[in-house]
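The block underneath contains the structure these notes are about, expressed in structure tokens.
Residue numbers (our numbering): 889 to 1279.
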């Protein structure tokens, strides 16, 4: 699983004047020369720039990975069961004990609960055991040269150059995910510059080899993204059959106490009183149900997949002692080709569902819920065969 952090992607790295921006497409060798020129215009030494870009290559495997992320087409129950096992849960709790001092420091300084970082550590690299084998510079340059989303990746090339200048990046040996993330919790070069923590005191921020550096840097980044200390992020709930389903979804926030008045009850513990919360029904009104608090939205700054985010937040709860969620008996949802057909129909009706990709993202969920209301169906944002037939 690879995250693509959105908050820093579209921001230029430095305020240096620039001769011009390298253009995507065209010959890769020409693109490299233009990137070298831009690096020099930012004030970097010519010899340093030449060494940095000397062996860079385009990587077709990166483009294939970028275009094939079918795992996100799974529903929440299937996806979470694929990622969460008893073995992974036991490893998370074992690492919590092993690195207890680091987690204590993390919770004290950044206010991020240990389960949150343990879940990311598990999903991103299986606790550091597999951190990706893509050459990071090649990956970033390939995605910068590709005209699909060049503005997202070009700043990361210059961030990697800055890390190289300080001895914390190797153009030839640094490897990671296909999208350029590095280390045990998979952070992009600019994130390392902005939020890197030398947790072990060796003078370097090395997220590939130092658990202390990786965990504390990840926590600092979450704090920077808006994590609120001492607050929950996700809570499993039981909902009454008579609930107004149109109030579900991330678009609606009510106080937890107001949800309680409507019959929403915690499966364990207590609802978080006056905190705003959204009712999430990842597989409709007959499936699992959760209240998502403000910290849950910070997860989307780490990864924009709804299913991944919900699974990571739920796994953090499991690590900290919550029971397995109640799967319920959800109606069979649409997937793959059928969901694409639904997305096409919704698009023709004027809804912005984003890319027609067979993935149930935020845009598709919102459109489904709106259409369900208009058709007099339970507006739980879960696309079914009945809805497709009605359209």
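The beta-carbon is built from N, C-alpha and C at its ideal position, and this holds for glycine as well.
How many Å lie between residue i and residue j at the Cα?
i: residue 1263; j: residue 1180; result: 27 Å
i: residue 1191; j: residue 1197; result: 7 Å
i: residue 1105; j: residue 1055; result: 18 Å
i: residue 1087; j: residue 1230; result: 49 Å
i: residue 1029; j: residue 944; result: 8 Å
i: residue 1246; j: residue 933; result: 47 Å
i: residue 1273; j: residue 1124; result: 27 Å
i: residue 925; j: residue 1010; result: 40 Å
i: residue 1098; j: residue 1172; result: 41 Å
i: residue 1048; j: residue 1203; result: 31 Å
i: residue 1059; j: residue 1080; result: 16 Å
i: residue 918; j: residue 912; result: 10 Å
i: residue 1175; j: residue 1040; result: 36 Å
i: residue 1093; j: residue 1261; result: 51 Å
i: residue 1119; j: residue 1008; result: 18 Å
i: residue 1164; j: residue 1141; result: 6 Å
i: residue 914; j: residue 923; result: 13 Å
i: residue 1074; j: residue 1061; result: 16 Å
i: residue 898; j: residue 1085; result: A caution first: residue 898 carries a pLDDT of 36, below 50, which makes its placement in the model unreliable, though a value can still be read off. Straight-line Cα distance between these residues: approximately 23 Å.
i: residue 1257; j: residue 978; result: 38 Å
i: residue 906; j: residue 1145; result: Annotation note: pLDDT 37 at residue 906 (below 50); position unreliable, no value reported.
Look at residue i and residue j and say whether their C-beta atoms are less than 8 Å apart.
i: residue 1122; j: residue 1166; result: no
i: residue 1215; j: residue 961; result: no
i: residue 1044; j: residue 1095; result: no
i: residue 1187; j: residue 1177; result: no
i: residue 928; j: residue 920; result: no
i: residue 946; j: residue 916; result: yes
i: residue 1003; j: residue 1168; result: no
i: residue 1236; j: residue 1182; result: no
i: residue 984; j: residue 1006; result: yes
i: residue 1199; j: residue 971; result: yes
i: residue 1162; j: residue 1149; result: no
i: residue 1276; j: residue 1265; result: no
i: residue 940; j: residue 1052; result: yes
i: residue 990; j: residue 1156; result: no
Could you give the C-beta distance for residue i and residue j, rounded to a whole number, given that I count them as a contact under 8 Å?
i: residue 1068; j: residue 1102; result: That pair is no contact at about 16 Å.
i: residue 1267; j: residue 1253; result: Not a contact, Cβ separation roughly 11 Å.
i: residue 964; j: residue 1211; result: In fact, because the Cβ distance is near 16 Å, the residues do not count as touching under 8 Å.
i: residue 1000; j: residue 1107; result: 4 Å
i: residue 1248; j: residue 1227; result: 7 Å
i: residue 1195; j: residue 967; result: 5 Å
At a Cβ threshold of 8 Å, is residue i touching chain D?
i: residue 1217; result: The structure shown contains no chain D; it is built from a single protein chain.
Sorted by chain position, which residues of the same chain lie with C-beta nearer than 6 Å to residue i's C-beta, five sequence neighbours on each side aside?
i: residue 1234; result: 1241 and 1255
i: residue 1239; result: 1255
i: residue 1152; result: 1125 and 1127
i: residue 1217; result: 1174
Apart from the five residues just before and just after residue i, which ones in its own chain have a Cβ nearer than 8 Å to its Cβ?
i: residue 1066; result: 890, 949, 950, 953, 954, 1020, 1022 and 1027
So what does residue i bridge to, in DSSP terms?
i: residue 1154; result: 1125
i: residue 1103; result: Its beta-bridge partners do not exist; DSSP assigns none.
i: residue 1183; result: Answer is none; residue 1183 lacks a bridge partner.
i: residue 1063; result: 1023
i: residue 1168; result: 1178
i: residue 1221; result: 1272
Go through its chain and collect everything with a Cβ distance to residue i's Cβ below 7 Å, but skip five positions before and after it.
i: residue 1154; result: 1123 and 1125
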